[in-house]
Each structure stands twice: as C-alpha cells, then as structure tokens.
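Position in the sequence shown (from 1) plus 12 gives the number in my numbering.
By construction, the Cβ of each residue, glycine as well, lies at the ideal position given by its N, Cα and C atoms.
This structure is a prediction, so every number in the text was calculated from the model and none was measured.
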Amino acid sequence: MARKATSFILCIALITGIMLYPTHAESLEYNIPEYIRVALKYEGTALDFVYVRSDTGGTVGIVLDNNHIEMNIFSASDTVEVVSDSNYHLIIGEEFDTYDEVKAFIEVLEEHAGYDFSIPLFPLYKGKWVAAASIYTDEPVMEETTADNGIDEYAILYETFALADLIDTPEGKEEGPSWPVIPYKTERFAMRAEIEGTPLFAVSDPANAVSVRVKPQDTGNPNVVPLLRLYELSQPEHLRFRSRYRGVFDLHRQEMQKKDRFVVVNKLKLEEYLYSVVHMEMSAGYDHQYNERIEALKVQAIVARSFAVKMVELKSYQKYRADIENTTNTQVYPGYTHVNGNQGEWNNTNSAVDQTRGQVLMYDGKLAVNIYYHSNSGGYTEHPIYVWYRGGSYPPYVVSKPDPYTELAPRVWTNTFTGKSIQQTIRNYVADITRTSDGSYTDIGNIKYINVVERSTAGRTTETLIEGTNASFVLRNEQNRWVYSLMGNMYNYEVDDKIRIVEQRDGDKKFLSERARKVFEGEYFTKEYLADKYGVVTENGHVYERIKVYDSDNQTIIVNGRGSGHGVGMSQHGALQMSKLGLTSEEIINFYFPGVQISKRKQEIDINEG
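Printed below as a string of structure tokens:
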C-alpha cells in the first residue's frame, strides 16, 4: 500500500509552472541530467548551524565558480561543524588568487614563525584568498610595535608580523620578510568550517556565491556506500545522526524568515535520488512480492524521473541553489536512511530504477510535463481544472476517467463532526486563508448552511457555498479538502436532518418556496431519499446539497469519503493492481496517460561530479 504522504503530492505553488507546455524544440540529442540538487533544509527548516559526519570519513571544501576545491580531510570519528562567522579575524600578509597559494603561505608561517599559535592560521576566502588567524567578537586593538622575534604570545596583534628564523639566501643568512597584520570584519553571510572548535577555513564572500561542500570518502568497496550523516536537532541527542544521504552536502547561508540561516542541499546522482523517492512514493513490498509489483514500480520510477527532470528545467528552487525539495511539495525524498532510522532504499524499488535507467515520458516529441500521480483515485481519476485552478490548457493525455483497477483496492474513510466543531473548523480555515499582512481576515460568523454547489464528473466536491451570519464564502477545488483536513475531495455528507427538495416551482421560475424555506429552517423535517445524495434545485439551476448547521454538540455531521490524494493522473493503488494482473509498465502508462510514450535518454556528464 502506498504511503499516506503521497496523497499530498504536488502543491499548488509548483503546478502553475508545470502546467505549461515546454517551449524548447525536442531533438534526438535531448539529454537528462546526471545529478540533481535536493533542498533538505530551507525556509522554515533552515538551520542555525550544520553538523555532519560520515562513517567512511571524507573531505570538506568549497564550491567556487562551479569548481569544487577539496581543502581538508576528516575521519569517521570527526564531526564537521559549519557555523556562522560574524567575527573579526587578523589577516596576515598579501592576497592570493588560489587556495593552493594561500595554503603554501600558511605552511611557511607555521614552519618558521617560532611560535605555537593557540588558534591556528587558516585560509579565508573574501573574493581573494588570505591567511587569517584568531576569532574576535569585537574589533581588536593593534599595537604599533613590530614583532620580529616570534616569542611574544601576543606578537600577532602587532601591526607587522615577521619570520623569526633566518632565511638561507645566496648571500648567506638573512632575516626573513615581514607582513602587515590587519583586522578584518567578515561579511553578512560568512561561514566557518571547524572540527572540535579548530577552524579549517572560512568564507566571507560579498556576493554570497560560495558554498561549503562536505563529501564522504569512497573506500572503493562496492559493499560500502559512502554516506553523509546529518545532525537533526529535533531528535533526542542519541538519535540525532541517524539520517544518512548519498552524494554531497552543499551549504550556504541565506535570509530565511528574516534571519540568516543555513540552507542544506544534497547533490547526488539522479538515479540514486530515485532509489529513495520511488520507495517512498510507492512502497517496494517484500522481496517475495517482486514479480507482482515490479511493473508498477517501474512506472513509478519513470514518472518520478520525468517529474524530476522537469523540475531541473523549471529552476523553481534556483534561489536555494537547488532543483527540487524533499517533501510532498515535489517528491518525498528521505535519503538512504530516514531521520527516524528506517531504511530509505529497498531491493524492489532499486531494481525498478535500474531497469528503467534514463527512461522518461515523452509526448509529441517533447518531455511530457503534465505527469501527476496520487495514492488512490477512489475509482475515478480527476481532471486538474477541478483540483488546482480553472485556467490554462492541458494536453490530451490528461484525462478524467473511470478507474476499475483502483476499485480493486478501495480506500474508504470517515470523519465525524458535531455541528459546533464543524462550525469552528470552517470559521478557522476561512480566517486563515483570508488573513492579510495587517492581521485582518474574513469572519463569516455563525454558519447557517453548507451548500455543495458543484461536483466534478468523477464525483469530487469542487465548489461549496458556506452561508454565515456575517458573510458567505465559496470553497473551491482542493479547499473543499483542506478545510476539513481530509484525504481527498471525493466525499459526501451524512446528516441526521438533511432534506431533499427536488424542485419547487412558482410559475415558470425555479426557486425555493416559502414552505421549502421553512423546511430548511427546521420547522419541518421531511426526508426524501433519492438514488444519490441530497440537494435542492434553485433558480440559478444548481442542484445544491444543502445542510443546515446547528451550533450544537448534539448535531452529528459525518463526512464519508473514498480515495486518497488529488486524483489526477496515475493512481498508485490502481497501478499496483494492474501489475498484479500481469499488465506491463507500458500498458499501465497508456491507461493513465493515453498517448504518452516511454523514451530512453542519455544522461549529461557533470564535470563537477560532487
């Protein structure tokens, strides 16, 4: 059974970009990326500091102008700490163009200074490379005296720093050169990498274009996957390093919710990303279920790959230096090991990814971009206009149709409210979605009626008129689901005293008669049960399901539903049933996306391979 998290896949914010037809011309040379960048921590989840480990050890360095510079090695017992650096440092000597040059300069200083630094010298990048020392919260006061013997504990605070040793020259031994010592205040988004409090390097980049990269060591043993472990502050102390990821971490600071915090991006191979995604989006099952599930899992791999490739092209997450994120807003990606310690990759789903390597969905010679999926269609797939918004056009493979395969795996659910609780639920929701920056919002007052104005052909609730004592409000599309925090939009109300007036006429006009109005106001409780549900034909021609709501705990309102998720595109439960029946991945694709074809594409080579 697919996990509940899949029911929320693809948020509205992304839909507006994905619904457009691709504008580039397709050719036989159309390639897909080798790597993908996943935003693990950003916006509300961004971090104040980042701690990383690796069971195989690794390297820490920076990415500068798309070039990865490996700078320091760390062992399996080390914790790499990347912290903010809003400090003063002492800059010694000149600026250098490359890391190798400043590293060589620091080695000369450390070898010949005759001085045991309590805080080691370290490279600092600030547009150029410099040798830095010391960490001060306040600007240090410099002395005017020259330190030339290297024995003063505070010699580095003098304005000039000289080598203590004599230097061998062709003319004999001479005193070594000296360099100016200048206090330097780091820029706003500065970062410093450390191990046990000892600085490795710092970055103070005015353009904020440099990322710190942590990379695990590949031992060469095919049975040992090089992984990074990310510190999760939300977990108990002894469980905070359980989440593990393939690839590398790229870290940078960025303003998040009016505070400068760390963004963590996991860059890894696209196919390895899919190992985790496919298992999370469609449960792999046990090894003995391989034959009955593999065709559905292959479809999920192809669909997830197609979506990921389109996300890379859209650049929706470019501001975070990422292509995609790791939640239901795009595709769920927990990594190699979940934060809760559960396994993130399984044999069946890994096999499905490997068997479909490089395969994406194409339509009319272009990447098929309107490829959606959900958990359970409830027996009828939905068209996007009844889920996200009514505008825009859609290719012919986006269809709403009966889904008999999902009927073989029904998912039914019930939510029960009282009149009082449903009143408060709706009022809170309307207030939340209408709240403005100045704190004002729509207060609909006490709710008198819930009117289901429109349902889609599939039977999903698509428009509900809420009549309140202060104002009326219309819930449209998926708002009808979120208002009650439901699994989907395919639901009906069950209320003790609901009534059905098929039609009331006065002359040639359709309207609610005085008698019918009294019925709704509770003076009469006539019930007329018909084949479907309850409603009223009104003068505008709509058939309303009209429910009177009492502000009372004595009234019971039951919401009975089917399916899970938005219902657009492929039903994962339906695909699994088709696989069990012996249908191929091509046949499953053709059922849910008629006319779409599977195409294998070459992967671009990324010279900055992480």
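- Counting other Cβ atoms within 10 Å of its Cβ, K327 stays below 16 and is therefore classed as exposed.
- Scanning its chain for C-beta atoms nearer than 8 Å, with the 5 sequence neighbours on each side dropped, one finds around A88 the residues R65, S66, D67, T68 and G69, in chain order.
- Here DSSP, grouped into helix, strand and coil, assigns T210 to strand.
- Secondary structure note for Q435: its alpha helix (DSSP H) is the uninterrupted segment G431 to T446.
- With contacts defined by Cβ atoms closer than 8 Å, V92 and V226 form a contacting pair.
- Between the segment 261-274 and the segment 360-371, the count of C-beta pairs closer than 8 Å stays below three; the two stretches do not touch.
- Contact annotation: the segment 435-449 does not touch the segment 594-609, with fewer than three C-beta pairs closer than 8 Å.
- Relative to S564, the option among V495, G356, T110 and T430 whose CA is nearest is T430.
- Residue burial annotation: Y385 is buried, with at least 16 other C-beta atoms found within 10 angstroms of its C-beta.
- In this structure, the alpha-carbon of T418 lies about 15 Å from that of G500.
- Annotation for V277: the continuous beta strand (DSSP E) segment containing it runs K271 to K281.
- Between N99 and Y148 the beta-carbon gap is near 6 Å, inside 8 Å, which marks them as a contact.
- Per DSSP, N84 is one residue of the beta strand (DSSP E) stretching across N79 to F86.
- Bridge pairing for E337: A51 [DSSP].
- D376 carries a coil assignment under DSSP once its states are collapsed to helix, strand and coil.
- In the three-state scheme derived from DSSP, where H, G and I count as helix and E and B as strand, H350 is classed as coil.
- Between G581 and V410, the alpha-carbon positions lie close to 7 Å from each other.
- Counting along the chain, R305 sits inside the alpha helix (DSSP H) bounded by residues Y302 to L326.
- Between T448 and I570, the beta carbon gap of about 34 Å keeps them out of contact (Cβ cut-off 8 Å).
- Contact between L240 and F261 holds, with the beta-carbon distance rounding to 6 Å and staying under 8 Å.
- A straight line joining the alpha-carbon of I462 with that of H291 spans about 40 Å.
- Assignment of F261 by DSSP, reduced to helix, strand and coil, places it in the strand class.
- Nearest neighbour of A320 by Cα position, chosen from R49, G232, V75 and F605, turns out to be R49.
- In this structure Y453 is exposed. Its beta-carbon is surrounded by fewer than 16 other beta-carbon atoms within 10 angstroms.
- Per DSSP, N359 is one residue of the alpha helix (DSSP H) stretching across N359 to Q367.
- In the displayed model, R613 falls within coil according to three-state DSSP, outside both helix and strand.
- Scanning the segment 100-127 for uninterrupted beta strand (DSSP E) segments of 3 residues or longer gives 100-108, listed from N- to C-terminal end.
- As a beta-bridge residue in DSSP terms, E93 pairs with Y63 and E206.
- S412 counts as buried, since at least 16 other C-beta atoms from the protein chains shown sit within 10 angstroms of its C-beta.
- T476 is bridged by DSSP to V464 and L487.
- Contact between the segment 388-406 and the segment 337-352 is not established, with fewer than three Cβ pairs separated by less than 8 Å.
- A distance below 6 Å between beta-carbons, with the five flanking residues on each side excluded, links E107 to the following residues of its chain, in chain order: K140 and V142.
- Sequence-distant partners of E357 (beyond 5 residues in either direction) whose C-beta falls short of 8 Å from its own C-beta, in its chain, are Y287, S288, H291 and Y348.
- Proximity to P248 across H80, G353 and N360 peaks at G353, based on C-alpha coordinates.
- With 16 or more other CB atoms across the displayed protein chains lying within 10 angstroms of its CB, E293 is buried.
- Sequence-distant partners of A470 (beyond 5 residues in either direction) whose C-beta falls short of 6 Å from its own C-beta, in its chain, are Y392, E394 and S412.
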